[in-house]
Amino acid sequence: MTMRVPRHDKFQLPGLGLLKGLSVTLTHFFKSYRRMRNWRVPGKVPFPGGSYGIFTHQYPEERAPIPDRYRGLPVLLYDDATRAEFCTACMACARACPVGIIHIEQGIDAEGKKIPYASSYTIDWDICINCGFCAEACNFGAIVLDHHLETARYDRQTLRPTKERLLRPASYYEKIAPTMWAEIREDAAKRLAGTMKRRPEGVGIVPPAR
Amino acid sequence: MTTETVERERLPGEEVPIEVEELETEEITVNIGPQHPSTHGVFRMILRLQGETVVGMEPVLGYLHRCQEKLAEGHTYLQSIPYTDRLDYVCSMTNNHAYVLAVEKLAGIEVPRRAECIRVIMDELTRTMNHALFAGFLLNDMGAWLTPVQYGLREREKILDLFELASGSRMMCNYMRFGGVARDLPDDFMPLLNKVVADFPAFLDEYERLLTTNEILMSRCKYVGILPAERAIACGATGPVLRASGVAYDIRKVDRYSLYGELDFDVPVGTVGDVYDRFLQRLYEARQSLRILQQVIPLLQETPPGDILGAAPKTLKPPAGEAYGRIESPKGELGFYLVSDGSDKPYRWRVRAPSFVNLTPLQEMVRGHKVADLIIIFGSLDVTMAEVDR
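Chains as they are written, first to last, in the working numbering: chain L, 1 to 210; chain Z, 1001 to 1390.
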């Protein structure tokens, strides 16, 4: 069906259109005093007043909630109980990355045999486009997307984090994205148990924080 | 005056300009852009002016060229999806849809019904959002600095929240995959969507009350930058720009891709093809999008949850051949032309960008108008420079 758009060509009282428009802005002026700050606050009805009220947040004191699926910068996870890294240096994330910013070196044991452990793991956060393909490609629940927003730095080198700075405990991820972690946690635990068998003793264990 | 005045019959309601004997002055050349707030990005116009009247305009493109088509030849099919987000950064969902449609045609991948429903929902949300934003920015160009655009931005914010819930990102959604979508809708998505669909008509009514019969807007927009239907077709314009000229051409109706064959909606068309028609046409199209959303939500609830990804191979190697997938993006016909040589990377990856093609008639539309009108004529085409240059 085709439908003609009306062009309002008929005569109208001069100034009427302006007054109509001003009445809209005036309504907003008064209604904005009824503060409706519960827009986007979890647990409350979102957008309660339709299009009226206050829609802004007083950042940084007030922060809008971040949904579980939010795609921030990629970080690595380790298991809380054993402090073992989930990553096995399978290179799936490095292959999936459209901009090629994940650099992994696979670890070797004393005999020179390859072991499922990344001896070096670097992500160039400054080039990351937050597409999330690394997390989608990972079968071990090792690489996930952080919810940290304030990533401005003074020094560019700090945006090229090595493994020590990338590692986060799994409980941290569970806190920020419970539904996402629930999807991968069982699989990650099962695969970690398999990985631990193939790793030599003491390799891939995150040293306890001082 | 050396201005080429276009001889044509006056339209009903159009005022006949008063003949004034004008002084012929020296022609001056003025650059607008590439860094100018009214050019919606980096677009340069070399104007030849006679007084304040535009005698000639030469567009200069390419300031935002980032080799996307060549880059995609070095990426696998999947890796190019985030790059399509960055074509028209206002409507990344429709960009995703056009690209995955082309790849699905190329590789012959079936899409489950639930995924199609989600795609249509995302497309139509993008369209409403884009048109709300367009109306605001057109008023920005007209000189109603920032007040009307706040209304559009506010409504857009709600839709961006929905996108963030579903895909994890507000603008660079990267949500669609070959054979479906990346993830099923989260639990808190549907109540919010219902709320947006219920609230949006009230916003459009309010916005129309604020603007459409405003005397200043009408005198600025009516009979400015007329694009006749024949010229619009000849220039290859698509989308709202073509439909505002009175041609009812909508790829959702022509191709009936995805679910659009079974949905009931109208195609709003303009009569004159001036800036006013292009402004109103988009507002009416947003209403039709909401109508589509109301029809799709029950369809989505009929489908089993979780059935969102068809059987697509993990490393996609489409058979050698070519495919062209196109959709009706908020800006017009967005098409992806892909040539495969049987490997996991495309041999050729080409974008038919609506913004770029819709710029074609600009040169003839602005001739004879004032500089201030040129700004709103350009604004009424609703181009995103990132899509023009790619």
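Every residue, glycine too, gets a C-beta built ideally from N, C-alpha and C.
Rounded straight-line distance, which links the Cα of residue j to that of residue i
i, j, result
"Z/I1159", "Z/L1078", "26 Å"
"L/P74", "L/A135", "8 Å"
"Z/D1199", "Z/M1172", "25 Å"
"L/F86", "L/I115", "13 Å"
"L/L26", "Z/A1311", "55 Å"
"Z/G1239", "Z/V1296", "22 Å"
"L/D155", "L/T122", "16 Å"
"Z/L1153", "L/M196", "51 Å"
"Z/E1004", "Z/G1368", "Any answer about Z/E1004 is weak, because its pLDDT of 48 lies below 50 and its placement is not dependable; what the coordinates show is given next. Approximately 7 Å between the Cα atoms of the pair."
"Z/T1025", "Z/G1051", "7 Å"
"L/T158", "Z/A1237", "48 Å"
"L/L18", "Z/N1130", "25 Å"
"L/K175", "Z/D1123", "32 Å"
"L/R153", "Z/V1030", "40 Å"
"Z/L1133", "Z/M1385", "16 Å"
"L/Y70", "L/P161", "21 Å"
"L/C138", "Z/K1317", "21 Å"
Neighbour flag for residue i against chain L, beta carbons, 8 Å
i, result
"Z/V1357", "no"
"Z/Y1249", "no"
"Z/V1100", "no"
"Z/E1262", "no"
"Z/T1303", "no"
"Z/T1271", "yes"
"Z/R1183", "yes"
"Z/P1268", "yes"
"Z/R1154", "yes"
"Z/E1387", "no"
"Z/E1157", "yes"
Cβ separation of residue i and residue j, assumed to be a contact under 8 Å, to the nearest whole Å
i, j, result
"Z/A1244", "Z/D1277", "4 Å"
"Z/Y1284", "Z/P1268", "4 Å"
"L/I104", "L/A89", "5 Å"
"Z/A1102", "Z/Y1324", "7 Å"
"Z/D1274", "Z/Y1347", "About 43 Å; that fails the 8 Å criterion."
"Z/E1328", "Z/R1252", "5 Å"
"Z/V1100", "Z/R1177", "7 Å"
"Z/L1242", "Z/A1232", "5 Å"
Exposure of residue i, with buried meaning 16 or more beta-carbon neighbours within 10 Å
i, result
"Z/G1261", "exposed"
"Z/D1187", "exposed"
"Z/G1108", "exposed"
"L/I108", "exposed"
"L/F30", "exposed"
"Z/H1040", "buried"
"Z/K1105", "buried"
"L/A193", "exposed"
"Z/E1208", "buried"
"Z/N1096", "buried"
"L/P65", "exposed"
"L/G112", "exposed"
"Z/M1045", "buried"
"L/R4", "exposed"
"L/W125", "buried"
Chain Z within 8 Å of residue i, Cβ atoms only
i, result
"L/Y70", "yes"
"L/P178", "no"
"L/G43", "Confidence at L/G43 is low in this model, with a pLDDT of 49, below 50, so its placement is unreliable and the value that follows should be read with caution. Not one chain Z Cβ lies under 8 Å of L/G43."
"L/M3", "yes"
"L/Q157", "no"
"L/R7", "yes"
"L/F55", "yes"
"L/G15", "yes"
"L/P98", "yes"
"L/P116", "no"
"L/P67", "yes"
"L/Q58", "no"
"L/Q106", "no"
Members of the region 1164-1180 of chain Z near chain L, C-beta cut-off 8 Å:
E1164, L1165, A1166, S1167, G1168, S1169, M1172 and N1174
Closer than 9 Å between beta carbons: that is the criterion. Which residues of the region 1205-1224 of chain Z meet it against chain A?
The structure shown contains no chain A; the protein chains it does contain are L and Z.
Using a Cβ cut-off of 9 Å, which residues of the region 1074-1086 of chain Z contact any Cβ in chain L, in chain order?
H1075, T1076, L1078, Q1079, S1080, I1081, P1082, Y1083, D1085 and R1086
Which residues, in order along the region 119-132 of chain L, keep a beta-carbon less than 9 Å from a beta-carbon of chain Z?
I129, N130, C131 and G132
Select from the region 1277-1309 of chain Z all residues with a C-beta closer than 7 Å to any C-beta belonging to chain L, and list them in chain order.
D1277, L1280, Q1281 and Y1284
By the 7 Å beta-carbon criterion, what residues does the region 143-155 of chain L contribute toward chain Z?
none
Quick one, which residues of the region 17-31 of chain L are near chain Z if we go by CB-CB under 8 Å, in chain order?
G17, L18, K20, G21, S23, V24 and T25
If the cut-off is 7 Å on Cβ atoms, which residues from the region 77-89 of chain L count as contacting chain Z, listed in chain order?
none
Taking any Cβ of chain Z, which residues in the region 165-176 of chain L have a Cβ under 7 Å from it, in chain order?
none
Listed in chain order, which residues of the region 1320-1347 of chain Z have Cβ atoms closer than 7 Å to some Cβ of chain L?
none
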